[in-house]
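Chemist: Just so we're aligned: the sequence shown equals residues 10 to 316 in the working numbering. Backbone N, C-alpha and C fix where the C-beta goes; we use that ideal spot for every residue, glycine too. Submitted below is the structure of interest, expressed as structure tokens.
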Amino acid sequence: MKRVILTGGTGMLGIALMEFLIQKEIEVLVIIRPGSKRRDGIPKSPWIHVLECDLADLRSLEGSLEGYDTFFHFAWDGTYGEARNDMYLQNKNVRAVLDAVHLAKSAGCQTFLGAGSQAEYGRVDGVKLGPDTPVHPETGYGIGKLCAGQMSRILCQQLGMKHIWVRILSTYGPHDGLHTMVMSGIIKMLNRERPQYTKGEQMWDYLYCGDAARAFYLAAERGIDGSVYCIGSGQVRPLADYIQIIRDTIDPSVEVGMGEVPYYDKQVMYLCADIENLKKDTGFEPQVSFEEGIQRTVDWYKEEMKK
């Protein structure tokens, strides 16, 4: 891997992947939406080049890019809230993945890696999520991701490219969305507010974004063509433990309202990635503990607040 193309580079995982690839001295062309408000988060480096192009116009770039070897497609519209069930929007995302495959081929790429989601499984409780776990998505977002993964795999076969699909579970770290459990908790606790939670009995799997970036790199580099890899730590802890670690990292005296929010109807109580095939095929092992990852995230957010 020497020259890669990345879409969705302004999100947490895209930024983490770029930071990892910079360390490897791998050149990255990151394609972002015109006028993206999150452009400032892209690492400043001679290894990073930015190109503006709307997700719907990816094929307009065919013929203008060459000499690349790997394509990482992370871009996706409508990832949370009501947009997850905007069927026309999710359908556009599926088309954009197929357009990205064609662009990858025209740019010389031998490998295409697409970002899937735990939402492809629907509600699964009590078992680890792996490549062979039955899929019953319940949202337009989950259905779209599943469709995109399967269709892009077939298209890659037709075009003679290696295809990897990664299903991402719960990740966290610098540049995380403000609405997530981890980041919203950090912000409230730093502001001396009193965050409210459920009892936190859910058994959950969290992976630091830097570890996820290394998993993406290894999956693209060493993964077996046609494979699905779940991205997580492979370990679970009660959600209450994670919340306590966040609090203790910031200030052990901060009040936290555990048990003050009722569980959602149909609340999943167990979420864990089966990463055995990822470990076996690529040698991936998580390296950053939740304690260390939260410390890095808190430190990053404090620096952001100074800007």
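What are the residues that DSSP puts in a beta bridge with Gln205?
Modeler: The partner list for Gln205 (beta bridge, DSSP) reads Gly266.
Chemist: In the DSSP assignment, find the beta strand (DSSP E) that holds Ile240 and state where it starts and stops.
Modeler: Note, Ile240: beta strand (DSSP E), 236 to 240.
Chemist: Once the 5 residues before and after Arg162 are set aside, which same chain residues still bring their CB inside 7 Å of it?
Modeler: Closer than 7 Å at the Cβ level, and outside the excluded window around Arg162, lie His172, Trp174, Gly235.
Chemist: Is Val110 helix, strand or coil when you go by DSSP?
Modeler: Residue state, collapsed to three classes: helix.
Chemist: Since Val277 and Arg132 are thought to touch, with beta carbons under 8 Å apart, how far apart are those beta carbons, to the nearest angstrom?
Modeler: 6 Å between Cβ atoms; contact.
Chemist: For Asp220, is the classification buried or exposed, using 16 other Cβ atoms within 10 angstroms of its Cβ as the cut-off for buried?
Modeler: Answer is buried; the Cβ neighbour count reaches 16.
Chemist: Pop quiz: Gly182 and Gly302 are said to be a contact at Cβ under 8 Å. What is the actual Cβ separation, rounded to whole angstroms?
Modeler: Right, the Cβ-Cβ distance comes to about 6 Å (below 8 Å), so this counts as a contact.
Chemist: What is the rounded straight-line gap between the Cα of Cys239 and the Cα of Val265?
Modeler: Their Cα atoms are separated by approximately 32 Å.
Chemist: DSSP three-state label for Leu74, please.
Modeler: Here Leu74 sits in coil by DSSP.
Chemist: Just to confirm, are Tyr279 and Thr207 a CB contact at a threshold of 8 Å?
Modeler: Going by C-beta atoms, Tyr279 is not nearer than 8 Å to Thr207.
Chemist: Output yes or no for whether 8 Å exceeds the beta carbon distance between Leu30 and Val37.
Modeler: Yes. Within cutoff.
Chemist: From the DSSP output, in three-state form, read off Ala282 for me.
Modeler: Note: Ala282 maps to strand in three-state DSSP.
Chemist: To the nearest angstrom, how far is the alpha carbon of Val106 from that of Gly123?
Modeler: Going by the C-alpha atoms only, they are around 8 Å apart.
Chemist: Distance check for Val13 and Gly90, CA to CA, integer angstroms please.
Modeler: Distance between the alpha carbons of Gly90 and Val13: 31 Å.
Chemist: Can you name the start and end residues of the beta strand (DSSP E) that Ile177 belongs to?
Modeler: Element bounds for Ile177: 171 to 177.
Chemist: Would you mind reading off the limits of the alpha helix (DSSP H) that contains Gly23?
Modeler: Note, Gly23: alpha helix (DSSP H), 21 to 32.
Chemist: Can you tell me whether DSSP reads Tyr181 as helix, strand or coil?
Modeler: Here Tyr181 sits in strand by DSSP.
Chemist: The alpha helix (DSSP H) with Phe299 in it runs from where to where?
Modeler: From DSSP, the alpha helix (DSSP H) with Phe299 extends over 299 to 315.
Chemist: Under the DSSP definition of a beta bridge, which residues are partnered with Tyr217?
Modeler: Note: Tyr217 sits in a beta bridge opposite Tyr181.
Chemist: Spatial neighbours of Glu147 within its chain, please: CB distance less than 7 Å, with the 5 preceding and 5 following residues excluded, ordered by chain position.
Modeler: So the list reads Gly131, Arg132, once near-sequence residues are dropped.
Chemist: Which value, in whole angstroms, describes the spacing of the CA atoms of Tyr215 and Ala224?
Modeler: Approximately 14 Å, taken between the alpha carbons.
Chemist: In the DSSP output, what is Leu248 paired with across the bridge?
Modeler: DSSP output for Leu248 lists no bridge partner at all.
Chemist: How many Å lie between Tyr97 and Val263 at the Cα?
Modeler: One C-alpha to the other measures close to 44 Å.
Chemist: What are the start and end residues of the alpha helix (DSSP H) that includes Gly162?
Modeler: The sequence shown places Arg at residue 162, rather than the Gly named in the question. Taken as a continuous stretch (DSSP letters only), the alpha helix (DSSP H) holding Arg162 covers 149 to 168.
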